[in-house]
Amino acid sequence: MKASMFLVGASAILASASPIRAPLEKRLVKRALTTEWVYEYVTVTVTEGDAPVTEKAVPTAVVFLEEPSQPAPEPTTEVKKPVSRRPKQQPTTTKVAPAPKPTYVEPEPEPTTEKPSVVVVTTKQEPTTSKEEAKPVATEESGSSSGSYDLSLEGDYTSIMLNYHNIHRANHSAPDLIWDDTLAGYAENTANGCVFEHDMTQGNGGYGQNLASWGATGDIDDMQKKSAAGGITNQWYNSEMGNWAFYGQENPPDGMDIQLYGHFTQVVWKDSTKVGCATVKCPAGSVLQYPSWYTVCNYNPQGNFGGRYGDNVLQPKGEKRVTV
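Count the sequence shown with mature numbering (1 follows the signal peptide of the UniProt record, and there is no 0) and you get residues -17 to -1, 1 to 307, in order.
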């Protein structure tokens, strides 16, 4: 009896002690009870003659295992972004218009007041192998008198160049030329280069130009005036005059080489009013193979203007032929 009361009292103590643990540990302990059943199997071996001994199975005690509590997982919130769906666009077809075909527009004819083309004719006289004396050797052939033009080679360079131009112009009813220092300066610049080619870029151009050269193996120092006069008369005028038979025509025949007449027509071109020349001595191997005198004459307005030959290259009057 006393033992029963002791057990009851102990149970009461245990029951009263259980609620006190939570405040001491300041936490709530959740207990999970798991029941495990343990079975024991007894094998009995029975031999003949012996009475079987039967052992009662002893039940095993129930074992309670306490499983630690796990906190409940925190809820997660998954935010799904809205998926925007673009409407499918129907393919478009773009038509490219073909490029317009080029059209050709017939250019209008250029006016007759267009800037004329420059003179591009040149002449060279074959060098001689002997020195010629510089004498007033201009000669006149049959015909009327040469008038008041002094054809001696004793005067100054400017006068000689004017007289030998104007005597030929008079034979074609063209007025006398006057001297132009600017044109003469351009001519000197060109001649000093000792390059036998046209140069009409100075002063914005716009003038005509004739070139001539004469050389020899001997001493030519005193041959400047004669070579210059011979360039005008013998090379430019006399050697080409016979090639011109187109008086009164606006232009020479198509395809005719201007080298056959261009110097002559520039010398007698009626509308040209000014001339400036220079004659420079050049070394052998530059203008000619031998030492030479290089003559350049510039004319303003320039001659050999297309469409105007008929008005500017007039019939000769039959004056005496002059040679140097």
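Beta carbons: idealized from backbone N, C-alpha and C, even for Gly.
task: Look at the alpha carbon of N217 and the alpha carbon of G188, and state the distance between them as a whole number of angstroms.
output: Within the sequence shown, the letter at position 234 stands for residue 217. Within the sequence shown, the letter at position 205 stands for residue 188. Between N217 and G188, the C-alpha separation is close to 27 angstroms.
task: Give the straight-line distance between the Cα atoms of Y143 and T165, rounded to the nearest whole angstrom.
output: Residue mapping note: residue 143 aligns to position 160 of the sequence shown, counting from 1. Residue mapping note: residue 165 aligns to position 182 of the sequence shown, counting from 1. A small fix is needed here, since residue 143 is Ile in this sequence, not Tyr. Answer to the nearest angstrom: the Cα atoms are 18 angstroms apart.
message: Which residue marks the beginning of the alpha helix (DSSP H) containing Q249, and which one marks its end?
response: On the sequence shown, residue 249 is found 266 positions in, with the first residue counted as 1. Counting along the chain, the alpha helix (DSSP H) containing Q249 begins and ends at G245 to V250.
field: Where E171 falls: helix, strand or coil (DSSP)
entry: Here residue 171 refers to the residue found at position 188 when the sequence shown is read from its first residue. DSSP places E171 in helix when its eight states are reduced to three.
- prompt: beta strand (DSSP E) containing G198: first to last residue?
  reply: Mapped onto the sequence shown, residue 198 falls at position 215. Here the beta strand (DSSP E) through G198 covers G191 to G198.
- prompt: Three-state secondary structure (DSSP) at N287?
  reply: Taking the first residue of the sequence shown as 1, we reach residue 287 at position 304. DSSP places N287 in coil when its eight states are reduced to three.
message: V279 and L194 - do their beta-carbons sit closer together than 8 angstroms?
response: In the sequence shown, residue 194 corresponds to position 211, counting from 1. In the sequence shown, residue 279 corresponds to position 296, counting from 1. Contact: yes.
field: Alpha-carbon spacing of V270 relative to A174, whole angstroms
entry: Looking up residue 270 in the sequence shown gives position 287. Looking up residue 174 in the sequence shown gives position 191. Using only the alpha carbons, I get a separation of about 10 angstroms.
query: Less than 8 angstroms separating the beta-carbons of residue 334 and Y190?
result: The chain is shown from -17 up to 307; residue 334 falls before or after that span and cannot be answered.
query: Mind checking I161: buried by the 16 CB within 10 Å criterion, or exposed?
result: Within the sequence shown, numbered from 1, the residue matching residue 161 stands at position 178. Classification for I161: exposed.
task: Pull up the distance between the alpha-carbon of G290 and that of E233, whole angstroms please.
output: For the purposes of this step, residue 290 is taken as residue 307 along the sequence shown, with counting starting at 1. For the purposes of this step, residue 233 is taken as residue 250 along the sequence shown, with counting starting at 1. One C-alpha to the other measures close to 5 angstroms.
- prompt: beta strand (DSSP E) containing T262: first to last residue?
  reply: Numbered from 1 along the sequence shown, position 279 holds the residue referred to as residue 262. Start and end: K257 to C265.
message: Considering only their Cβ atoms, is the gap separating C265 from C177 smaller than 8 angstroms?
response: Numbered from its first residue, the sequence shown carries residue 177 at position 194. Numbered from its first residue, the sequence shown carries residue 265 at position 282. In this structure, C265 lies closer than 8 angstroms to C177 by Cβ.
query: Where S255 and H148 are concerned, what is the direct C-alpha to C-alpha distance, given to the nearest angstrom?
result: As a position in the sequence shown, residue 255 is number 272, starting the count at 1. As a position in the sequence shown, residue 148 is number 165, starting the count at 1. Looking at the two C-alpha atoms, the distance is approximately 12 angstroms.
- request: Identify which residue in Y277, Y244 and D163 has its Cα closest to the Cα of G213.
  value: The residue you call residue 213 lines up with position 230 of the sequence shown. Of Y277, Y244 and D163, the residue nearest in Cα terms is Y277.
message: Using CA atoms only, rank isn't needed, just tell me which of N287, Y292, T248 and F288 is closest to residue 353.
response: In this structure the chain extends from -17 to 307, so residue 353 is not present and cannot be described.
message: Any heavy atom of the ligand SAH closer than 7 angstroms to the beta-carbon of E233?
response: The model on display carries no ligand, and the ligand SAH is accordingly not part of it.
message: Going by beta-carbon coordinates alone, are L134 and I150 separated by less than 8 angstroms?
response: The residue you call residue 134 lines up with position 151 of the sequence shown. The residue you call residue 150 lines up with position 167 of the sequence shown. In contact: L134 and I150 (Cβ atoms closer than 8 angstroms).
task: Quick one: residues in its chain with C-beta nearer than 7 angstroms to the C-beta of Y273, no 5 flanking neighbours on either side, listed in chain order?
output: To locate residue 273, count along the sequence shown from 1; it is residue 290. So the qualifying residues of the chain are P110, G198, A199, T200 and A267.
- prompt: Taking the Cβ atom as the reference point for each residue, do Y132 and F229 lie within a distance shorter than 8 angstroms?
  reply: Taking the first residue of the sequence shown as 1, we reach residue 132 at position 149. Taking the first residue of the sequence shown as 1, we reach residue 229 at position 246. Going by C-beta atoms, Y132 is not nearer than 8 angstroms to F229.
message: I'd like to know whether the C-beta atoms of D182 and K257 end up nearer to each other than 8 angstroms.
response: Locating residue 182 in the sequence shown gives position 199, counting from the first residue. Locating residue 257 in the sequence shown gives position 274, counting from the first residue. Contact flag unset, no.
task: Run the CB neighbour count on G286, radius 10 Å, all protein chains shown included, and call it buried at 16 or more, exposed below.
output: Locating residue 286 in the sequence shown gives position 303, counting from the first residue. Its Cβ being crowded by 16 or more others within 10 Å, G286 is buried.
Where the alpha helix (DSSP H) containing L145 begins and where it ends: For this step, residue 145 is matched to residue 162 along the sequence shown. Taken as a continuous stretch (DSSP letters only), the alpha helix (DSSP H) holding L145 covers Y140 to A153.
task: Under 7 angstroms Cβ to Cβ from Y220, same chain only, skipping five residues before and after it: list those, please.
output: In the sequence shown, the residue the question calls residue 220 occupies position 237. Within the same chain, Y220 has close Cβ partners H151, F247 and V250.
- request: Take A167 as the anchor and find which of T141, S156 and S222 has the nearest alpha-carbon.
  value: Counting from one through the sequence shown, the residue named residue 167 turns up at place 184. A167 has its Cα closest to that of T141, out of T141, S156 and S222.
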